[in-house]
Amino acid sequence: MRLLIVYYSTYGNVYRMAQLVAEGAGEVEGVEPVIRTVPELIPASVVESRADMKAGRETQKSVPLVTKDDFREAGAIAFGTPTRFGNVSAQLKNEIDQLTALWLKGELEGKPAGVFTSTGSLHGGQETTILTLMAPLLHLGFILLGVPYSTQELFTTQGGGSPYGPGHVAGTDNQRAIDPQEAAICRALGRRLAQVGLKLRNE
Ligand SMILES: Cc1cc2nc3c(=O)[nH]c(=O)nc-3n(C[C@H](O)[C@H](O)[C@H](O)COP(=O)(O)O)c2cc1C
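Numbering-wise (my numbering), the sequence shown opens with residue 1179 and increments by one.
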């Protein structure tokens, strides 16, 4: 079963989270994690003028853009976005808004999905971002998953991550590394999506 991890990232934090979600999914036998990104909407001239944005682009240059078939073929999907004013990034939402053809045919109905996010600050809106993005995912027919408290790191995280989904606090300069608790919660979402996806597929 293919497990699609589709994300947007300006500076690379959400990309690193996507890799950790993939790591967790890859621990489940019979699951192939597939990481894909979405088109950038920031003008190229702006990215070029910012060393931090350029560096973020550089780390992701080998990641393919997601296709409609990636969505169709996936048995489970994780959506990753940086928080933008407590909400999903325009880049990821732009891709979701182009799923109309799949929506009309019900092609995504019944697939498990989860959401992960990164913020600049600790209380900058991880939970609002995740819950807000879950609304369109419900319209599309996804079965939503979070990360339950059997993942012990939810009790101890000093950074991001909640039962709603993995989170990372990147800091105001976007340089804070993903800490071990945040990483464990990312892997837990990947594993859970993989396990539930396989169960649903085999029914
Ligand atoms: C337009 C804009 C809005 C943002 N809004 C928030 C916010 O509401 N809360 C917050 O903590 N961080 C906010 N940030 C910071 C980003 O969430 C942070 O840069 C991001 O998590 C880094 O992820 P990335 O490295 O994958 O791009 C915002 C950044 C931008 C550019």
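Glycine residues also receive a C-beta, built at the ideal position from the N, C-alpha and C atoms.
- Taking the Cα positions, Gly1202 is about 36 Å away from Ser1227.
- Of all alpha-carbon atoms in Pro1211, Asn1191, Tyr1186, the one lying nearest the alpha-carbon of Leu1367 is that of Pro1211.
- Gly1264 is positioned such that its CB atom lies no closer than 8 Å to that of Thr1329.
- The three-state secondary structure of Tyr1193, taken from DSSP, is helix.
- Shortest gap from the CB of Ser1299 to any heavy atom of ligand 1: under 7 Å.
- Sequence-distant Cβ neighbours of Gly1302 in its own chain, meaning closer than 7 Å and more than five residues away, are Thr1261.
- Val1224 counts as exposed, since fewer than 16 other beta carbons sit within 10 angstroms of its beta carbon.
- Judged by DSSP in its simplified three-state form, Leu1280 adopts helix.
- By a beta-carbon distance limit of 8 Å, Leu1280 does not contact Lys1239. Their separation comes to about 27 Å.
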